[in-house]
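Reading through the structure tokens given below for one structure.
Protein chains: 2
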Amino acid sequence: MQVRSKIWLAVDGEPVFGSGREALFKAIDRLGSINKAAKDINLSYRKALSYIQTMEQRLGEQLVERKTGGLHGGGAHLTKEAKEFMKKYEQLEEGINEMLDKKFQDVFGKGN
Amino acid sequence: MQVRSKIWLAVDGEPVFGSGREALFKAIDRLGSINKAAKDINLSYRKALSYIQTMEQRLGEQLVERKTGGLHGGGAHLTKEAKEFMKKYEQLEEGINEMLDKKFQDVFGKGN
DNA sequence: CAGCGTTGTGCAAATATGTTATAACGATAG
DNA sequence: CTATCGTTATAACATATTTGCACAACGCTG
Numbered sequence: 001m002q003v004r005s006k007i008w009l010a011v012d013g014e015p016v017f018g019s020g021r022e023a024l025f026k027a028i029d030r031l032g033s034i035n036k037a038a039k040d041i042n043l044s045y046r047k048a049l050s051y052i053q054t055m056e057q058r059l060g061e062q063l064v065e066r067k068t069g070g071l072h073g074g075g076a077h078l079t080k081e082a083k084e085f086m087k088k089y090e091q092l093e094e095g096i097n098e099m100l101d102k103k104f105q106d107v108f109g110k111g112n
Numbered sequence: 113m114q115v116r117s118k119i120w121l122a123v124d125g126e127p128v129f130g131s132g133r134e135a136l137f138k139a140i141d142r143l144g145s146i147n148k149a150a151k152d153i154n155l156s157y158r159k160a161l162s163y164i165q166t167m168e169q170r171l172g173e174q175l176v177e178r179k180t181g182g183l184h185g186g187g188a189h190l191t192k193e194a195k196e197f198m199k200k201y202e203q204l205e206e207g208i209n210e211m212l213d214k215k216f217q218d219v220f221g222k223g224n
């Protein structure tokens with residue numbers, strides 16, 4: 001038996017950023033394309049796009065700058081705001097899993 | 113903006129206990145019936161039952177003792193094992209939210 | 001032995017999710 | 001100036017999953 005956890009940020013109760021979106025952002029940053037990023041992390045382009053759209057809508061700022069047409073067909077890259085957001089999320093996550101694992105050992109480890 | 117979290121236990125990667133199931137267990141304990149419990153926490157009876165069944169299957173022990181027929185048509189109540197499980201889960205959750213809220217303030221509070 | 005309210009299951013409807021097709025775009029090559 | 005290319009973006013379709021409803025079985029009670 002293992003313990004799992006998920007941390008995410010919400011606006012008005014609706015999720016705007018979590019581990020899935022973080023992975024998407026990282027892939028976009030690495031590959032320069034929503035399409036390639038989605039494939040890389042095994043996500044449909046549709047879902048990836050709707051993630052981005054709802055995030056931007058709920059936060060009220062652009063996170064992924066995208067260009068259609070042009071060299072190589074276009075592409076996408078993260079805005080400064082998106083990178084800051086990612087960084088903060090990582091700080092938030094930091095240490096939580098370790099703490100949870102420790103607690104899990106305390107509670108479930110010896111007794112059972 | 114708020115931070116949210118979810119903690120659950122898994123066996124072989126498949127979830128066996130989380131906040132939803134905890135709420136179901138509490139309602140069963142209070143109402144003595146899966147049916148009433150499901151309605152109380154806005155869950156379909158089918159889903160509630162499949163939760164219980166998969167949990168019991170994966171853990172290999174009975175968690176909800178149920179009787180069909182008889183006084184008031186039957187009913188259900190938690191086994192000793194289920195109550196112990198709930199207690200441990202609560203211990204596991206304890207303090208995590210407080211710690212997260214504090215971290216959230218640290219990271220998102222002043223800067224933005 | 002009929003009535004009751006529950007557990008449990010089968011099936012259709014509804015909803016969510018995934019997949020494929022296609023249009024628009026604009027720099028570049030020819 | 002036109003064709004090509006890979007991308008963004010949307011629409012239409014297909015597939016899984018969830019939900020809702022109906023109904024049988026059960027066993028205590030009056």
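In order, the protein sequences belong to chains A and B.
For what it's worth, our numbering labels the leading residue of the first sequence as 1, then goes sequentially.
For what it's worth, our numbering labels the leading residue of the second sequence as 113, then goes sequentially.
Note that beta-carbon positions come from the ideal geometry of N, C-alpha and C, so glycine has one too.
If you're wondering where the values come from, they're calculated on a predicted model, not measured in any experiment.
Original post:
Buried or exposed: A:Leu71, going by 16 or more other Cβ atoms within 10 Å of its Cβ?
Top reply: Exposed, by the Cβ-count rule.
**OP:** Scan the segment 57–94 of chain A and note each continuous beta strand (DSSP E) run of 3 residues or more that stays entirely inside, going in chain order.
**Re:** 64–68 and 74–78
Original post:
Between A:Lys6 and A:Gly74, what straight-line distance do the alpha-carbon atoms span, to the nearest angstrom?
Top reply: 34 Å
Original post:
What is the DSSP secondary structure of B:Leu143, counted as helix, strand or coil?
Top reply: Here B:Leu143 sits in helix by DSSP.
Subject >> Endpoints, the beta strand (DSSP E) within which B:Leu121 is located >> reply: Gln114 to Val123
Subject >> Span of the alpha helix (DSSP H), counted from its first residue to its last, around A:Phe104 >> reply: Looking at the DSSP string, the run of the alpha helix (DSSP H) that includes A:Phe104 is Ile96 to Phe104.
Original post:
Since B:Arg116 and A:Trp8 are thought to touch, with beta carbons under 8 Å apart, how far apart are those beta carbons, to the nearest angstrom?
Top reply: 5 Å
Original post:
So which residues of chain B does A:Ile52 contact, with C-beta pairs closer than 8 Å?
Top reply: Correct list: empty, because the minimum Cβ distance to chain B is about 18 Å.
Subject >> Candidates A:Met99, A:Ile28 and A:Glu14: closest to A:Ala82 by CA position >> reply: Among A:Met99, A:Ile28 and A:Glu14, the Cα nearest to that of A:Ala82 belongs to A:Ile28.
**OP:** Could you check if A:Ser50 is buried or exposed, using at least 16 other CB atoms within 10 Å of its CB as the buried criterion?
**Re:** Residue environment for A:Ser50: exposed (fewer than 16 other C-beta atoms within 10 angstroms of its C-beta).
Original post:
Among residues of its own chain, excluding the 5 on either side of B:Ile153, which ones have a beta-carbon nearer than 7 Å to its beta-carbon?
Top reply: Ala135, Leu136 and Ala139
Subject >> Close beta carbons around B:Ile208, own chain, < 7 Å, minus the five adjacent residues each side >> reply: Ser117 and Ile119
Subject >> Bounding residues of the beta strand (DSSP E) (the contiguous stretch that carries B:Met129) >> reply: Sequence check: residue 129 of chain B is Phe here, not Met. Per DSSP, the continuous beta strand (DSSP E) segment holding B:Phe129 begins and ends at Glu126 to Phe129.
**OP:** Determine the DSSP secondary structure at A:Leu49, reduced to helix, strand or coil.
**Re:** helix
**OP:** Count the other CB atoms, across all protein chains shown, that sit within 10 Å of the CB of A:Tyr89; report buried if there are 16 or more and exposed otherwise.
**Re:** Looking at its Cβ environment, which holds 16 or more other Cβ atoms inside 10 Å, A:Tyr89 is buried.
Original post:
So what's A:Leu24 in DSSP terms, helix, strand or just coil?
Top reply: helix
Original post:
Less than 7 Å separating the beta-carbons of B:Thr191 and B:Glu177?
Top reply: With a cutoff of 7 Å on beta-carbon distance, B:Thr191 and B:Glu177 are scored as near each other.
Original post:
Between B:Leu171 and B:Val128, is the Cβ-Cβ spacing less than 7 Å?
Top reply: yes
**OP:** Closer than 8 Å by C-beta to B:Thr180: which residues in its own chain qualify, once you throw out the five before and the five after it? Chain order, please.
**Re:** Gly186
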